[in-house]
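Heads up: the protein sequence lines correspond to chains U and X, in order.
Going by the working numbering, the first residue of the first sequence is number 1, and it counts up by one from there.
Going by the working numbering, the first residue of the second sequence is number 330, and it counts up by one from there.
Ideal Cβ positions, reconstructed from N, Cα and C, are used throughout, including at glycine.
Okay, structure first, notes after.
2 protein chains.
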Amino acid sequence: MEKIRIGIAGYGNLGKGVELAIRQNDDMELVGVFTRRDPANVKLMTEGVPAYRLSDAQNMQDSIDVMIICGGSATDLPEQTPALAQYFNVIDSFDTHARIPEHFANVDKAAKENGHLAMISLGWDPGLFSLNRVYAESILPNGKTYTFWGKGVSQGHSDAIRRVAGVKKGIQYTVPVEAAMDAVRSGVQPELSTREKHERVCFVVAEDGADKDAITAEIKGMKNYFDQYNTTVNFITDEEFDAQHNTMPHGGFVMRSAKTGDGEKTHQMIEYSLKLESNPEFTASVLVAYARALYRMKAEGMTGCKTAFDVAPAYLSRMSAAELRAQML
Amino acid sequence: MEKIRIGIAGYGNLGKGVELAIRQNDDMELVGVFTRRDPANVKLMTEGVPAYRLSDAQNMQDSIDVMIICGGSATDLPEQTPALAQYFNVIDSFDTHARIPEHFANVDKAAKENGHLAMISLGWDPGLFSLNRVYAESILPNGKTYTFWGKGVSQGHSDAIRRVAGVKKGIQYTVPVEAAMDAVRSGVQPELSTREKHERVCFVVAEDGADKDAITAEIKGMKNYFDQYNTTVNFITDEEFDAQHNTMPHGGFVMRSAKTGDGEKTHQMIEYSLKLESNPEFTASVLVAYARALYRMKAEGMTGCKTAFDVAPAYLSRMSAAELRAQML
Numbered sequence: 001m002e003k004i005r006i007g008i009a010g011y012g013n014l015g016k017g018v019e020l021a022i023r024q025n026d027d028m029e030l031v032g033v034f035t036r037r038d039p040a041n042v043k044l045m046t047e048g049v050p051a052y053r054l055s056d057a058q059n060m061q062d063s064i065d066v067m068i069i070c071g072g073s074a075t076d077l078p079e080q081t082p083a084l085a086q087y088f089n090v091i092d093s094f095d096t097h098a099r100i101p102e103h104f105a106n107v108d109k110a111a112k113e114n115g116h117l118a119m120i121s122l123g124w125d126p127g128l129f130s131l132n133r134v135y136a137e138s139i140l141p142n143g144k145t146y147t148f149w150g151k152g153v154s155q156g157h158s159d160a161i162r163r164v165a166g167v168k169k170g171i172q173y174t175v176p177v178e179a180a181m182d183a184v185r186s187g188v189q190p191e192l193s194t195r196e197k198h199e200r201v202c203f204v205v206a207e208d209g210a211d212k213d214a215i216t217a218e219i220k221g222m223k224n225y226f227d228q229y230n231t232t233v234n235f236i237t238d239e240e241f242d243a244q245h246n247t248m249p250h251g252g253f254v255m256r257s258a259k260t261g262d263g264e265k266t267h268q269m270i271e272y273s274l275k276l277e278s279n280p281e282f283t284a285s286v287l288v289a290y291a292r293a294l295y296r297m298k299a300e301g302m303t304g305c306k307t308a309f310d311v312a313p314a315y316l317s318r319m320s321a322a323e324l325r326a327q328m329l
Numbered sequence: 330m331e332k333i334r335i336g337i338a339g340y341g342n343l344g345k346g347v348e349l350a351i352r353q354n355d356d357m358e359l360v361g362v363f364t365r366r367d368p369a370n371v372k373l374m375t376e377g378v379p380a381y382r383l384s385d386a387q388n389m390q391d392s393i394d395v396m397i398i399c400g401g402s403a404t405d406l407p408e409q410t411p412a413l414a415q416y417f418n419v420i421d422s423f424d425t426h427a428r429i430p431e432h433f434a435n436v437d438k439a440a441k442e443n444g445h446l447a448m449i450s451l452g453w454d455p456g457l458f459s460l461n462r463v464y465a466e467s468i469l470p471n472g473k474t475y476t477f478w479g480k481g482v483s484q485g486h487s488d489a490i491r492r493v494a495g496v497k498k499g500i501q502y503t504v505p506v507e508a509a510m511d512a513v514r515s516g517v518q519p520e521l522s523t524r525e526k527h528e529r530v531c532f533v534v535a536e537d538g539a540d541k542d543a544i545t546a547e548i549k550g551m552k553n554y555f556d557q558y559n560t561t562v563n564f565i566t567d568e569e570f571d572a573q574h575n576t577m578p579h580g581g582f583v584m585r586s587a588k589t590g591d592g593e594k595t596h597q598m599i600e601y602s603l604k605l606e607s608n609p610e611f612t613a614s615v616l617v618a619y620a621r622a623l624y625r626m627k628a629e630g631m632t633g634c635k636t637a638f639d640v641a642p643a644y645l646s647r648m649s650a651a652e653l654r655a656q657m658l
């Protein structure tokens with residue numbers, strides 16, 4: 001069997017997750033990692049697979065079927081994805097919701113002009129959560145959709161905590177409010193404020209002699225990050241922090257509460273949820289499955305930029321159409 | 330706006346659900362219902378829409394974009410769907426899992442030979458549950474998938490109860506076992522027997538003077554239907570039965586428990602669930618959304634038979650591709 005030849009651009013948590021996910025899919029092989037660092041200092045987990053300079057990637061066009069781009073959404077992907085789409089079929093996890101139309105247009109242009117296929121914003125939100133919103137709203141037009149996130153680590157909020165004076169280490173968990181989720185499930189279609197949907201729980205290691213009350217006050221008052229939420233700040237020891245807050249769990253819920261039938265009185269509830277011990281490993285698994293879809297759709301002649309909405313589920317599976325019908329329908 | 334012109338073949342609970350679902354989608358209009366009964370005796374809920382003889386359907390080819398076939402899977406659909414696919418683009422909810430490949434082949438042949446597009450086995454299982462199994466297994470290859478059904482009314486089991494001597498009225502609820510679902514959610518990937526996954530709860534109105542112990546024993550011992558399950562039989566009054574057991578709720582859960590990462594030790598959990606106050610109204614809503622997809626895919630020139638696996642989610646939505654990216658991704 002011909003394997004799908006994958007390149008990884010960017011070798012942080014997400015890139016490493018992609019490397020590990022490829023091992024679980026024996027129709028794929030990893031060709032190399034492309035990094036902005038000195039490749040001599042980048043050691044892969046996979047025996048015999050080299051690291052290359054990102055700037056040399058274009059010389060490898062003939063060796064790679066799909067380039068999975070694992071940079072950050074703030075500054076890396078807006079530049080890297082259109083640039084690499086000139087040379088490769090590409091896929092990314094761009095997650096700045098407000099800038100998706102602009103990113104799509106840039107990637108679509110670069111891919112189309114060079115006869116490549118691209119996919120953007122793959123992961124779980126955007127990604128699987130988006131899919132579930134579209135399926136649920138298309139099937140049940142008269143209703144309300146709710147998205148809850150967590151329990152999970154927010155990198156942005158954790159970074160914000162760590163910028164507070166006197167904070168040595170800090171991490172923030174976004175926690176969905178059970179009472180709000182139960183209200184949604186009851187079918188009353190509540191209007192929920194920001195504060196009612198999620199709370200924020202922080203674990204902080206303070207510097208020696210730091211004023212803990214001042215730290216707590218500064219965190220709780222931080223505009224946009226914390227001021228609209230019920231926030232708890234817990235001070236813990238260095239040892240406890242390292243032992244208990246060293247993973248990146250996340251997850252969440254997409255719920256659609258809707259009415260059907262005569263007089264629209266029948267309550268119908270769709271709920272999708274993820275409980276992830278590792279956010280980057282899961283996002284990587286989504287990217288790898290969609291890399292398979294991309295490879296097949298390209299083989300059918302498609303070019304330009306696509307999203308999860310454009311991908312028929314059969315493209316994701318190792319199984320043939322007949323196997324899917326016989327075993328999975 | 331040109332509306333999608335829908336016909337309904339078969340006017341039982343599902344057909345009526347389709348009629349009501351069309352009202353929630355103002356890009357569609359109902360042209361007529363086609364019935365094996367005398368149309369003079371069939372009164373629709375929708376003002377001004379006529380009933381026709383099913384045998385006259387082929388005269389209406391030019392008036393209908395999609396025929397939604399609402400017969401039963403045991404004997405109606407295997408005959409009706411290929412027959413109607415000669416004259417129409419068709420969609421059905423065929424749910425006899427073991428016979429799907431055969432049904433697919435028959436419908437595919439009839440549709441292709443006549444330049445029509447068909448979709449089969451749309452609903453929630455098969456249908457949305459099947460989709461969730463494929464998405465989850467494609468993304469997380471190293472894991473186990475579990476499907477639980479209920480709490481909901483099983484027509485087949487309710488029919489079986491009603492055939493027992495001394496039973497005046499009877500209904501059966503399939504109930505998923507909470508402990509089994511919690512074991513799955515914990516990540517231990519349990520092997521679950523039939524008895525461990527679901528229990529069966531029956532409500533029976535006995536004929537005057539009937540031997541209730543004998544009824545209970547006969548129900549509990551019924552081969553395949555009840556003997557492999559923990560079954561409870563509750564005797565209630567006629568009034569209680571009519572007041573509390575007059576709806577068709579259903580639902581269920583698709584769960585994928587899987588491992589990712591270095592050494593495959595990271596637990597990742599995907600869960601999809603439905604809680605439906607009306608099984609036929611929900612199935613009808615799925616059929617109507619997929620009728621929209623079918624209409625669009627036909628407009629692109631596709632013919633033959635498709636399943637949910639072949640339909641990119643964007644086809645289901647009223648929104649344009651650009652609206653979906655801006656608002657739903």
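Contact check, residue i vs residue j, beta carbons under 9 Å
| i | j | result |
| --- | --- | --- |
| Lys473/X | Pro505/X | no |
| Phe423/X | Ile393/X | no |
| Phe363/X | Ala338/X | yes |
| Gly115/U | Thr303/U | yes |
| Leu623/X | Met357/X | no |
| Thr266/U | Ser607/X | yes |
| Val167/U | Ala206/U | yes |
| Thr307/U | Leu122/U | yes |
| Phe309/U | Ala572/X | no |
| Leu274/U | Leu77/U | no |
| Phe532/X | Asn559/X | no |
Residue span of the alpha helix (DSSP H) that contains residue i, given as start and end
| i | result |
| --- | --- |
| Thr81/U | Asp76 to Ala85 |
| Asp437/X | Ile429 to Glu442 |
Proximal residues of chain U, C-beta to C-beta of residue i below 7 Å
| i | result |
| --- | --- |
| Thr595/X | Glu277, Ser278 and Glu281 |
| Thr632/X | The premise fails here: Thr632/X is roughly 15 Å from chain U at the closest Cβ pair, so nothing lies under 7 Å. |
Per-residue contacts from residue i into chain X (C-beta, under 9 Å)
| i | result |
| --- | --- |
| Glu332/U | The requested residue 332/U does not occur in the structure, where chain U is confined to residues 1 to 329. |
| Met269/U | Gly580, Ser602, Leu603, Lys604, Leu605 and Glu606 |
DSSP three-state assignment for residue i, whether helix, strand or coil
| i | result |
| --- | --- |
| Asn559/X | strand |
| Pro642/X | helix |
| Met67/U | strand |
| Val617/X | helix |
| Ser257/U | strand |
| His527/X | strand |
| Ile449/X | coil |
| Tyr381/X | strand |
| Gly15/U | helix |
| Ile22/U | helix |
| Val184/U | helix |
| His426/X | helix |
| Lys212/U | helix |
| Ile671/X | With chain X represented from 330 up to 658, any question about residue 671/X goes unanswered, as that position is not in the structure. |
| Val482/X | strand |
Closer than 7 Å at the beta carbon, the chain X residues around residue i
| i | result |
| --- | --- |
| Tyr272/U | Tyr601 |
| Phe104/U | Arg654 |
| Ala21/U | Thr589 |
Proximal residues of chain X, C-beta to C-beta of residue i below 8 Å
| i | result |
| --- | --- |
| Val286/U | Ile468 |
| Asn324/U | The sequence given here has Leu at residue 324/U, not Asn. Within 8 Å Cβ-Cβ: Val463, Thr636 and Phe638. |
| Glu25/U | Looking at the sequence provided, one finds Asn at residue 25/U rather than Glu. Residues of chain X passing the Cβ test: Pro470. |
Cβ shell of residue i (< 7 Å), same chain only, five flanking positions each side left out
| i | result |
| --- | --- |
| Val347/X | Ile337, Ile397, Cys399, Ala613, Leu616 and Val617 |
Neighbourhood of residue i by C-beta distance below 6 Å, restricted to the same chain and skipping five residues each side
| i | result |
| --- | --- |
| Pro96/U | The question names Pro, but residue 96/U is Thr in the sequence shown. Only Ser73 meet the Cβ criterion. |
| Ala51/U | Val33, Thr35, Pro39 and Val42 |
| Ala587/X | Leu469, Asn471, Gly472 and Gln597 |
| Tyr146/U | Val184 and Met255 |
Residue i - containing beta strand (DSSP E), residue span
| i | result |
| --- | --- |
| Val177/U | Per DSSP, Val177/U belongs to no beta strand (DSSP E) and is neither H nor E. |
| Glu271/U | Thr266 to Leu276 |
| Val33/U | Met28 to Thr35 |
| Lys144/U | Gly143 to Trp149 |
| Asp421/X | Val419 to Asp421 |
Cβ shell of residue i (< 8 Å), same chain only, five flanking positions each side left out
| i | result |
| --- | --- |
| Ser487/X | Gly499, Ile500 and Gln501 |
| Thr237/U | Val205 |
Proximal chain U residues relative to residue i, where beta-carbon distance stays under 8 Å
| i | result |
| --- | --- |
| Leu658/X | His97, Ile100, Ser121, Pro126, Ser130, Thr307, Ala308 and Phe309 |
| Leu645/X | Val134, Tyr135, Ser138 and Ile139 |
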